[in-house]
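This note's numbering runs 502 ahead of the 1-based position in the sequence shown.
C-beta: ideal position from N, C-alpha, C; glycine also.
As the structure is a computational prediction, the values presented were derived from the model and not from experiment.
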Amino acid sequence: MVAAALLFAAGLLLTPLSLAALLPRLPRRPNYAGRPTPTAAGLAFLPIILVTLLLSPAPAWAPAYLLLCGVVGFADDAMGGEEARGFAGHLRALLRGRVTGGQVKVLGIGGGALVVGAVLYGASASALAAAFLLAGSAHLANLLDVRPGRAVKFLGVFVPALSLGAGGGVLAGVAGVLGGVMTLFYFDLRGRIMLGDAGAAVWGAAVGCLVVASGPGWVWWAFGAAVLGLTLVAEFYSVSGIIREVGALRRFDEWGRG
């Protein structure tokens, strides 16, 4: 727990410094309101992830997976501007011979999750379940990251309870990112930056690591069902539209937004 606390504090300090250095170089894209906004701000997580991977006693699989998600997410940000949406859209693009950022994410983040699952559980059903939770959580954050602060809010409410069940080792592996998310949350919420896939994938993967660290059980089943259900819903309906129609969700979503 001491290592987790130190890395959390390091994330609080290092991430805003990284963002300040990156900000002039980040690409700008129109946000949901059409205002040009720096995107791929999640690149600011990479220094604290590297510190965790190289210097901390945390199990290497957690920060290594976060690093992979950040790199693959940034590749998607860099490709940008694609018309394909959802799994069906990316599959249709593939059948037409067109490579999309979404396909890169599925291969990179999904493939990395399978490796982590095999490292943790060998050739077993638990390995496949762990891989689904890791990749699915990263995907869920990307689904939510279409309005300022939404992905951090809706996944963040689960982090305190998940942290208690994760154990000190894996918690230390993601603590730097948790601290970093806290420092970027205000700027994301106020629409001054966009996390981009580089940030949302890392944030979602960090939550997924905490879920996986709880071990096979009801948390896996509940979180997995939520990921699967929301992914299927998003293929046919607008997640933003659903949130807008449900009063409690709408108020929570809009809280603090500039």
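What is the DSSP secondary structure of PRO561, counted as helix, strand or coil?
coil
Inspect the CB distances between the region 646-661 and the region 608-622 and report whether three or more fall short of 8 Å.
The region 646-661, when compared against the region 608-622, does not touch it at the 8 Å Cβ threshold.
Own chain residues within Cβ distance below 7 Å of SER665, not counting five before or after
Hits under 7 Å: LEU673 and LEU712.
If we call anything under 8 Å between Cβ atoms a contact, is LEU686 one with LEU521?
yes
Cβ neighbour criterion (16 or more within 10 Å) applied to TRP705:
buried
If you follow the beta strand (DSSP E) that THR539 is part of, which residue opens it and which one closes it?
Per DSSP, THR539 belongs to the beta strand (DSSP E) from 538-540.
Can you list, in chain order, the stretches of the beta strand (DSSP E) that have 3 or more residues and sit fully within the region 623-647?
List check, beta strand (DSSP E) in window: nothing returned.
Go to PRO532, then tell me how far its beta strand (DSSP E) extends in each direction, as first and last residue.
PRO532 -> beta strand (DSSP E) spans 530-532.
Since VAL679 is in the alpha helix (DSSP H), which residue starts that stretch and which ends it?
Here the alpha helix (DSSP H) through VAL679 covers 670-691.
Inspect the beta-carbon positions of GLY572 and GLY638 and report whether they are closer than 8 Å.
Contact flag unset, no.
Closest to MET503 by CA distance: which of GLY670, TYR688, GLY758 and ILE695 is it?
GLY670
Report all residues from its chain with a CB closer than 6 Å to the CB of PHE689; omit the five preceding and five following residues, and keep chain order.
Apart from the 5 residues on each side of it in sequence, PHE689 sits with its Cβ closer than 6 Å to the Cβ of ILE695 in its chain, given in chain order.
Taking the continuous alpha helix (DSSP H) assigned at VAL659, which residues delimit it?
VAL659 -> no alpha helix (DSSP H), and no H or E assigned at all.
Look at LEU568 and ALA707 and say whether their C-beta atoms are less than 8 Å apart.
yes
Supposed close pair LEU516, ILE550 - CB separation, criterion 8 Å:
5 Å
Taking the alpha carbon of PRO565 as the reference point, which residue from GLY710, GLY667 and ALA511 has its own alpha carbon closest?
GLY710
For the alpha helix (DSSP H) that ILE744 lies in, which residues bound it at each end?
741-747
Environment of LEU691 [buried if 16+ CB atoms lie within 10 Å]:
buried
So THR541 packs on PRO529, CB below 8 Å; how close in whole Å?
6 Å
Under three-state DSSP, which class holds TRP722?
Correct three-state label for TRP722: helix.
Rounded straight-line distance, which links the Cα of ASN644 to that of VAL574:
13 Å
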